[in-house]
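The next block holds one structure in the form of structure tokens; read it before the comments.
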Amino acid sequence: MVDNHPRDDAPISASKRSDATEIAHGQLADAKGNSIVGRAVTINKPVSEVFAFFRDFSNLPSFMENVDRIDVVDEKRSHWVVRGPAKLTYEWDALVTDEVKDRYIAWSSQPGADVDNSGRVDFRDAGARGTVVSATIMYDPPGGVVGKLIAKMFQREPAIQARRDLRRLKQLMETGEIATAAMNLKQREEELA
Numbered sequence: 029m030v031d032n033h034p035r036d037d038a039p040i041s042a043s044k045r046s047d048a049t050e051i052a053h054g055q056l057a058d059a060k061g062n063s064i065v066g067r068a069v070t071i072n073k074p075v076s077e078v079f080a081f082f083r084d085f086s087n088l089p090s091f092m093e094n095v096d097r098i099d100v101v102d103e104k105r106s107h108w109v110v111r112g113p114a115k116l117t118y119e120w121d122a123l124v125t126d127e128v129k130d131r132y133i134a135w136s137s138q139p140g141a142d143v144d145n146s147g148r149v150d151f152r153d154a155g156a157r158g159t160v161v162s163a164t165i166m167y168d169p170p171g172g173v174v175g176k177l178i179a180k181m182f183q184r185e186p187a188i189q190a191r192r193d194l195r196r197l198k199q200l201m202e203t204g205e206i207a208t209a210a211m212n213l214k215q216r217e218e219e220l221a
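Residue numbering for the sequence shown follows the working numbering, beginning at 29 and increasing consecutively.
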């Protein structure tokens, strides 16, 4: 017997299934967006420590490059201000739609958002290796396909940013700082001397 629907163990964001967007919508309480991004990183810290740091949304701008600020309204609601391509700024209110401590956090943008989005961040114990953090984000790019292409050209596209942001989260959690290729003022003065 031939299986017409072979098993796909890939995360939904990497799935080759034609109905991946519909499946993702079914997995999120208040799914918004038709583009899917998924990234993961392993952080050499216990799940409880990584979850607690991430769950304090005021920490997120410290490693999310395009996030100008997050105003925490209460345990479930926050207001996001994010930089996009060409110095544009986008804002939205987000609502935590589902959460299990030390396991996952799911959210959805609220009506009136500049960018409709939703997603889920999962935290999985990886034993001696620490914690696997997996982010799945759904969004509608401003300007549709053209806007997505422009965002990609300016390195502001969510797939690119998610990879970079998770890498910075790993660095911050494991070392207490984020490595950068940029020279600080003292290094610059030494080079010019």
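Backbone N, C-alpha and C fix where the C-beta goes; we use that ideal spot for every residue, glycine too.
These figures come from a predicted structure and were not determined experimentally.
TODO: Indicate whether the contact test is met: 3 or more Cβ pairs, each with one atom in the stretch 145-158 and one in the stretch 72-84, closer than 8 Å.
DONE: yes
Task: Rounded separation between TRP120 and GLY140 - CA only - done: Mapped onto the sequence shown, residue 120 falls at position 92. Mapped onto the sequence shown, residue 140 falls at position 112. Cα-Cα distance, rounded: 7 Å.
TODO: Would you kindly report the start and end of the unbroken alpha helix (DSSP H) that includes GLU77?
DONE: Residue numbering aside, residue 77 sits at position 49 when the sequence shown is read from its first letter. GLU77 -> alpha helix (DSSP H) spans 75-83.
- [ ] Below 8 Å CB to CB, which residues in the same chain sit around ALA68 once its five sequence neighbours on both sides are set aside?
- [x] Taking the sequence shown and counting its residues from 1, the one referred to as residue 68 is at position 40. Same-chain partners within the cutoff: PRO39, VAL160, VAL161, SER162, ALA163, LEU194.
Task: VAL112 - DSSP class collapsed to helix/strand/coil - done: By one-based count along the sequence shown, residue 112 stands at place 84. Strictly speaking, residue 112 in this sequence is Gly, with Val absent from that position. GLY112: coil per DSSP, three-state reduction.
Task: Backbone CA spacing between PRO74 and GLY158 [nearest angstrom] - done: Here residue 74 corresponds to residue number 46 of the sequence shown, with the count starting at 1. Here residue 158 corresponds to residue number 130 of the sequence shown, with the count starting at 1. So the alpha carbons of these two residues sit roughly 5 Å apart.
Task: Segment limits, beta strand (DSSP E) that includes GLY204 - done: Start at 1 with the first residue of the sequence shown, and residue 204 comes out as number 176. Where GLY204 is concerned, there is no enclosing beta strand (DSSP E), given that its DSSP letter is neither H nor E.
- [ ] Could you name the residues of the same chain whose beta carbon sits closer than 8 Å to that of ALA207, not counting the 5 residues immediately before and after it, in chain order?
- [x] Translated into positions along the sequence shown, residue 207 becomes position 179. For ALA207, where only same-chain residues beyond five positions count, the Cβ hits under 8 Å are GLN199.
Open item on the list: Going by C-alpha to C-alpha distance, which of ALA221, MET166, PHE82 sits closest to ARG131?
Closed with: Here residue 131 is taken as the residue at index 103 of the sequence shown, counted from 1. Comparing Cα-Cα distances from ARG131 to each of ALA221, MET166, PHE82, the minimum goes to PHE82.
Open item on the list: Could you compute how far the alpha carbon of SER137 sits from the alpha carbon of GLU219?
Closed with: Translated into the one-based positions of the sequence shown, residue 137 becomes position 109. Translated into the one-based positions of the sequence shown, residue 219 becomes position 191. C-alpha separation (whole angstroms): 46 Å.
Task: For ILE98 and SER86, believed in contact at Cβ under 8 Å, the rounded distance - done: Within the sequence shown, numbered from 1, the residue matching residue 86 stands at position 58. Within the sequence shown, numbered from 1, the residue matching residue 98 stands at position 70. Yes, they are in contact, since the Cβ atoms of SER86 and ILE98 sit about 6 Å apart, within 8 Å.
- [ ] With DSSP as the reference, label GLY66 as helix, strand or coil.
- [x] The count along the sequence shown starts at 1 and reaches residue 66 at position 38. Strand at GLY66.
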